[in-house]
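Chains as they are written, first to last, in the numbering used here: chain A, 440 to 675; chain B, 440 to 675. Taking it in order: structure first as C-alpha cells, then the write-up.
Protein chains: 2
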Amino acid sequence: MNIVLLDPRQTQSEFWTISAKRQVEHLTTHVDVQVGDTLKVGIRDGKRYLTQIVSISDERIQLKALQEESVPAKHPVTLIVAMPRPKVLRRLMMDAVTLGVEKIILLHSYRVDKSYWQTPFLQQLDQYVTLGLEQAGDTIAPKIELYKRFKPFVEDVLPTMISTERPAYVAHPYAVQRMPAGIDHDCSIIIGPEGGFIPYEIDLLIKNGCQAVSLGSRIIRTETVIPYVLGRLFSH
Amino acid sequence: MNIVLLDPRQTQSEFWTISAKRQVEHLTTHVDVQVGDTLKVGIRDGKRYLTQIVSISDERIQLKALQEESVPAKHPVTLIVAMPRPKVLRRLMMDAVTLGVEKIILLHSYRVDKSYWQTPFLQQLDQYVTLGLEQAGDTIAPKIELYKRFKPFVEDVLPTMISTERPAYVAHPYAVQRMPAGIDHDCSIIIGPEGGFIPYEIDLLIKNGCQAVSLGSRIIRTETVIPYVLGRLFSH
C-alpha cells in the first residue's frame with residue numbers, strides 16, 4: 440500500500456477519515472504510523488494528496504491535507520485478455536491496474552473453462568482494482584468490461600475500438616510480425632488463454648482488424664506476459 | 440509444460456524414458472497423450488527435440504526422437520534481486536527463467552527479513568528452474584548464486600561484473616535517468632526489496648559502478664517489475 444485510497448465521502452469535512460479495517464490495521468500494525476506522520480492519500484477517481492495524521496484510534500485514523508500531489512499517468516492501452524483461471528485473476532487484475540492500463544476487458548474464448556465465469560473472485564474485481572491503485576500510487580480506476588461471448592465481441596464491439604491511429608495487437612506465437620516496441624500511440628493488446636486462441640479465433644480477430652504479432656519463441660504465462668508486453672510497448 | 444525436460448541419463452538408449460511422476464501424470468491425465476503422438480522434449484542443459492510416443496504405462500512413457508528443434512536464445516542479462524518473501528520466490532524464479540534470464544543472483548538487503556534465507560523453498564530452486572524451462576520451451580538452466588551479505592557482494596563481486604560494455608542498472612524511484620529500453624548489449628539489472636534499498640545501499644551500489652535508473656512514478660511489486668523491465672530492455 441503506497442497510498443491510502445479513500446472514498447470521496449471520507450474527505451468531505453476538514454479532517455479526513457480512514458475507517459476501513461484493512462487500511463487502519465495495515466497502518467497501525469505494519470507501518471506503525473504515529474500522530475504527526477505524513478501519509479500519501481488518494482481520493483478514489485480524484486486527486487492525490489500528502490496528508491498529516493492528526494489522530495489515531497483502533498477504528499479510525501484522522502488526517503488533514505497538506506498539499507496536492509500528481510497522479511501517475513496511465514498507458515493509453517486497452518488490455519483484452521481471455522478470462523484466466525480464478526487463482527490467476529486477482530494477480531492479473533492487480534498487475535494491470537498497477538501498471539496503468541486504461542481499460543481492461545475479460546473475454547471468453549474456446550479454451551476458457553466456462554466455470555471460470557462462476558468464480559466468486561469476479562465479485563471482488565473492485566477490491567483488486569483498489570489494491571492495484573494503492574500499490575501504484577494511482578487514484579483513477581480503469582474501466583472494466585466482461586464479455587462472455589467471443590464472436591459478438593470480436594465482430595460487433597472490437598471493430599469500434601480499432602482505427603489506423605489505434606491498432607489492436609493479438610499475441611500469436613506463429614505470427615511473422617513482431618510485437619511493436621516503444622510506441623507512442625493508443626492501442627489494444629489481446630492476450631489469449633492458456634493453450635492460446637484456436638485458429639478460428641485468430642482468423643476472426645484478424646478478419647475484424649487485429650494484427651497478429653509474435654513475442655518470440657518463448658511461451659510465457661498470461662500473468663507474466665502482461666507486464667512483459669506493457670514494458671515493451673511503452674518503453675519510449 | 441510446453442516441453443518435457445529430461446535428464447541426459449534418460450536419453451541414453453534408442454528409446455527415451457519419461458519416468459518422473461509429475462511429468463507422467465501431467466501427460467497422461469491433463470494432456471491425455473496417446474501412442475503415436477508427437478511430444479516436444481528437451482534434454483536438460485542440452486538440445487531440444489520433436490519426439491514420438493512409442494509406449495505409455497502408469498510409471499513411464501517411452502519416446503523416440505524424430506528431429507532436433509532450436510532452443511530459444513537467452514537475454515544477455517544478469518538479474519540481481521533482493522531476496523523476496525518466500526511466497527514470491529517461486530514465481531519470481533519461474534518468471535525469470537521463462538523469460539530467458541542468463542544468470543540470477545539473490546542478494547540480502549537491509550529491508551530483507553533474515554528469516555527469508557531460512558525458507559525451505561530455497562531447497563526447491565532447481566525445481567522452479569525446471570518448471571520455468573518447461574514453460575518457456577528452454578533447456579538451458581540459468582546460473583543461480585546467493586549472497587547473504589550485501590556489502591561484500593557489492594564491493595568485491597559486483598565490480599567484476601560491470602564494464603562500459605556491460606553496465607549495471609539499479610531501479611531507483613528517485614533517479615533522474617530513465618531505465619534504458621531496446622538495448623542490444625549485455626547488462627545487469629538490480630531490483631531492491633519491498634520498500635526499496637536504503638540510501639546507504641543505493642550510494643554503495645552507485646559508488647561501485649551501478650547506474651540508478653527510474654521506471655517512472657508508479658511503484659511496482661518485485662515480481663511484476665521483473666517481466667516489465669525485461670520487456671522494456673530487450674524490445675529491439
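By construction, the Cβ of each residue, glycine as well, lies at the ideal position given by its N, Cα and C atoms. Since we're looking at a predicted model, the values are computed, not measured.
Sequence-distant residues of the same chain with beta carbon closer than 7 Å to ARG588/B, five excluded per side
For this step, residue 588/B is matched to residue 149 along the second sequence. HIS547, listed in sequence order.
As assigned by DSSP and simplified to three states, the class of GLU633/A:
Mapped onto the first sequence, residue 633/A falls at position 194. Here GLU633/A sits in coil by DSSP.
Is there at least one Cβ from chain E nearer than 8 Å to PRO632/A's Cβ?
Included in the structure are the protein chains A and B, with no chain E among them.
Using a C-beta cutoff of 8 Å, does ARG487/A count as contacting chain B?
Sequence index remark: in the first sequence, residue 487/A carries index 48 (1-based). Chain B contact via Cβ: absent.
Here's a check: name, in chain order, each residue in its chain whose Cβ is nearer than 6 Å to the Cβ of ILE601/A, leaving out the five neighbours to either side.
Stepping through the first sequence from its first residue, residue 601/A is reached at position 162. For ILE601/A, where only same-chain residues beyond five positions count, the Cβ hits under 6 Å are ALA607, GLY648.
Residue-chain proximity (ALA575/A, chain B), Cβ-Cβ < 8 Å:
The residue you call residue 575/A lines up with position 136 of the first sequence. Yes, ALA575/A counts as interfacial toward chain B.
Of all the options PHE454/A, GLU453/A, THR468/A, THR490/A, which has the alpha carbon lying nearest to the alpha carbon of TYR443/A?
Walking along the first sequence from the start, residue 443/A turns up at place 4. Sequence inspection shows Val at residue 443/A; the Tyr mentioned does not correspond to that position. Nearest option by C-alpha distance: THR490/A.
Take PHE592/B and list the residues in its own chain whose beta-carbon comes closer than 7 Å to its own, dropping the five residues that flank it on each side.
Here residue 592/B corresponds to residue number 153 of the second sequence, with the count starting at 1. Cβ within range, chain order: LEU546, TYR586.
Can a CB atom of chain B be found closer than 8 Å to the CB of VAL668/A?
Sequence index remark: in the first sequence, residue 668/A carries index 229 (1-based). Yes, VAL668/A counts as interfacial toward chain B.
Assigned secondary structure, GLU453/B (DSSP; H/G/I helix, E/B strand, else coil)
Your numbering for residue 453/B matches position 14 in the second sequence. Three-state result, GLU453/B: coil.
Nearest chain B C-beta to ALA620/A closer than 8 Å, yes or no?
Indexing the first sequence from 1 puts residue 620/A at position 181. Taking Cβ atoms only, chain B reaches closer than 8 Å to ALA620/A, which makes this a yes.
Beta carbon of PRO416/B nearer than 8 Å to that of THR661/B:
Outside the displayed span of chain B (440 to 675) sits residue 416/B, for which this structure offers no information.
DSSP on GLU541/A, reduced to helix/strand/coil?
Position 102 of the first sequence, counted from the start, is the residue given in the question as residue 541/A. Strand, per DSSP.
I want to know whether the region 651-666 of chain B touches the region 612-622 of chain B - three or more CB-CB distances under 8 Å.
yes
Looking at the secondary structure, which residues open and close the alpha helix (DSSP H) in which LEU570/B lies?
In the second sequence, residue 570/B corresponds to position 131, counting from 1. Element bounds for LEU570/B: 564-575.
The region 567-576 of chain B touching the region 618-633 of chain B, judged by at least three CB pairs closer than 8 Å:
no
May I have a chain-ordered list of the alpha helix (DSSP H) segments no shorter than 4 residues that lie completely inside the region 577-612 of chain A?
597-600
Quick one: what does DSSP say SER656/B is sitting in, helix, strand or coil?
As a working note, residue 656/B is residue 217 in the second sequence. DSSP places SER656/B in coil when its eight states are reduced to three.
TYR488/B (DSSP reduced to helix, strand or coil)
The residue given as residue 488/B occupies position 49 in the second sequence. Strand at TYR488/B.
Report the residue from ARG529/B, GLY631/B, ALA580/B whose alpha carbon sits nearest the alpha carbon of VAL560/B.
The residue given as residue 560/B occupies position 121 in the second sequence. Looking at the sequence itself, residue 560/B is Phe, so the reference to Val does not match. When each option's Cα is compared against that of PHE560/B, the closest is ARG529/B.
Output the boundary residues of the beta strand (DSSP E) element that contains VAL480/A.
Against the first sequence, residue 480/A aligns to sequence position 41. VAL480/A -> beta strand (DSSP E) spans 477-482.
With 16 other CB atoms within 10 Å as the buried threshold, where does PHE454/B fall?
Here residue 454/B refers to the residue found at position 15 of the second sequence. Label assigned to PHE454/B: exposed.
Would ILE457/A pass as an interface residue toward chain B - the criterion being a Cβ-Cβ separation below 8 Å?
Walking along the first sequence from the start, residue 457/A turns up at place 18. Answer no: the Cβ-Cβ gap between ILE457/A and chain B never drops below 8 Å.
Chain B partners of ILE659/A, CB-CB under 9 Å?
To locate residue 659/A, count along the first sequence from 1; it is residue 220. Those within 9 Å of ILE659/A in chain B are ASP534, THR537, LEU538, GLN574, ALA575, PRO666.
Using the Cβ count rule (16 or more neighbours within 10 Å means buried), how would you classify SER674/A?
Here residue 674/A is taken as the residue at index 235 of the first sequence, counted from 1. With 16 or more Cβ atoms within 10 Å of its Cβ, SER674/A is classed as buried.
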